[in-house]
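Following full-length UniProt numbering, the numbering of the sequence shown begins with 1 at its first residue and continues without gaps. The beta-carbon is built from N, C-alpha and C at its ideal position, and this holds for glycine as well. As the structure is a computational prediction, the values presented were derived from the model and not from experiment. Only one structure is covered here, and it is reproduced in the block below.
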Amino acid sequence: MRNGLGKDFVVRENVDIIERGGADETAQYLLRLWQTELGKMPNNRALNALSPFLVVFEDFCYDGDTPDILFHGGQTLFAKHFPEAEEEVDLTPKSLLGTLYRQKVSQGYQDALQGEPVFETVGTGNLLGAHKPEIIYDRLILRFDKKIGSYLVSYSIKRDVRWLSAKEDPEDFQKNSPHTSDFHLSSKVDSSRLFRSDATA
Numbered sequence: 001m002r003n004g005l006g007k008d009f010v011v012r013e014n015v016d017i018i019e020r021g022g023a024d025e026t027a028q029y030l031l032r033l034w035q036t037e038l039g040k041m042p043n044n045r046a047l048n049a050l051s052p053f054l055v056v057f058e059d060f061c062y063d064g065d066t067p068d069i070l071f072h073g074g075q076t077l078f079a080k081h082f083p084e085a086e087e088e089v090d091l092t093p094k095s096l097l098g099t100l101y102r103q104k105v106s107q108g109y110q111d112a113l114q115g116e117p118v119f120e121t122v123g124t125g126n127l128l129g130a131h132k133p134e135i136i137y138d139r140l141i142l143r144f145d146k147k148i149g150s151y152l153v154s155y156s157i158k159r160d161v162r163w164l165s166a167k168e169d170p171e172d173f174q175k176n177s178p179h180t181s182d183f184h185l186s187s188k189v190d191s192s193r194l195f196r197s198d199a200t201a
């Protein structure tokens, strides 16, 4: 584990690390699936089984920003640390992450949009904002092509978490979390078509 608490950073890793067992079985399976399908959305339900652990993004973002979030599984780091995404009606899920954090991690999405498999270690430092922990995590970002367009699919592995304020009580934070389901959809996407290769939106 990289000891980077107290700093914000992004370190690009080689995806060979995943293939050699340097990531968990879910990351290994997701990468193999992407390689086997040649980057195309599989026709089977392979991704549906992983959906609680995935964040799905649109296939476009501006330089220095991240794509819009279409879907986030209930077991993701985003769902755990941003439960307010379920209650916000005027803000997009992406906007909860803050501009500085999105700028810091944006290049990985840009590279993934070009069809490159991206594996990175990210340290958030204090970029997630007030009442949020500092997190170090690994993430795999892959572009899956549909009949028309594509999705970016991201899977993250938590490495370390530290609450920035001694007054924060993570147990109370989790106890007050409104999450009740294993997935959370943006209004832009039809859940029945999310992981289908013939999906067009």
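Problem set entry | Check whether S150 and D59 have beta carbons under 8 Å apart | Residue 150 sits at position 150 when you count from the first residue of the sequence shown. Residue 59 sits at position 59 when you count from the first residue of the sequence shown. Yes, the Cβ-Cβ distance between S150 and D59 is below 8 Å.
For this session: With a 10 Å radius around its C-beta and 16 neighbouring C-beta atoms as the bar for buried, classify A49 as buried or exposed.
Result: Along the sequence shown, one-based indexing puts residue 49 at 49. Its Cβ having fewer than 16 others within 10 Å, A49 is exposed.
Exercise. Which residues mark the beginning and the end of the alpha helix (DSSP H) in which V105 is found?
Worked result: As a working mapping, residue 105 is identified with position 105 in the sequence shown. Boundaries of the alpha helix (DSSP H) around V105: T99 to L113.
Exercise. Grouping DSSP H, G and I as helix and E and B as strand, with all else coil, what is T66?
Worked result: As a first step, residue 66 is located in the sequence shown; it is residue number 66 there, counting from the start. DSSP places T66 outside both helix and strand once states are collapsed to three, so it counts as coil.
Exercise. How would you write the range of the alpha helix (DSSP H) that I18 sits in, first residue to last?
Worked result: Mapped onto the sequence shown, residue 18 falls at position 18. D16 to E19 is the extent of the alpha helix (DSSP H) around I18.
Problem set entry | From K158, P117, T124 and L47, residue whose alpha carbon lies closest to that of I17 | Taking the first residue of the sequence shown as 1, we reach residue 17 at position 17. Nearest option by C-alpha distance: P117.
Exercise. Closest by CA to H72, which one among L47, C61 and K146?
Worked result: Working through the sequence shown from its first residue, we reach residue 72 at position 72. Residue L47 is the option with its Cα nearest to H72.
Problem set entry | Whole-number beta carbon distance between F119 and G39, since they are thought to touch under 8 Å | Counted from its first residue, the sequence shown places residue 39 at position 39. Counted from its first residue, the sequence shown places residue 119 at position 119. With a contact defined as Cβ atoms closer than 8 Å, G39 and F119 miss out at about 15 Å.
Exercise. Between which two residues does the beta strand (DSSP E) containing D142 stretch?
Worked result: Against the sequence shown, residue 142 aligns to sequence position 142. Per the sequence shown, the amino acid found at residue 142 is Leu instead of Asp. Segment E134 to D145, the beta strand (DSSP E) holding L142.
Problem set entry | C-beta atoms of S156 and D138 nearer than 8 Å | Counting from 1 along the sequence shown, the entry for residue 156 is found at position 156. Counting from 1 along the sequence shown, the entry for residue 138 is found at position 138. Taking C-beta atoms as the reference points, S156 and D138 count as a pair closer than 8 Å.
Exercise. At which residues does the alpha helix (DSSP H) containing F78 begin and terminate?
Worked result: Taking the first residue of the sequence shown as 1, we reach residue 78 at position 78. Judged by DSSP secondary structure, F78 falls within the alpha helix (DSSP H) whose first and last residues are L77 to H81.
For this session: Below 8 Å on the Cβ atoms is my guess for T121 versus V11; work out the distance and round it to an integer in Å.
Result: Locating residue 121 in the sequence shown gives position 121, counting from the first residue. Locating residue 11 in the sequence shown gives position 11, counting from the first residue. That pair is a contact at about 5 Å.
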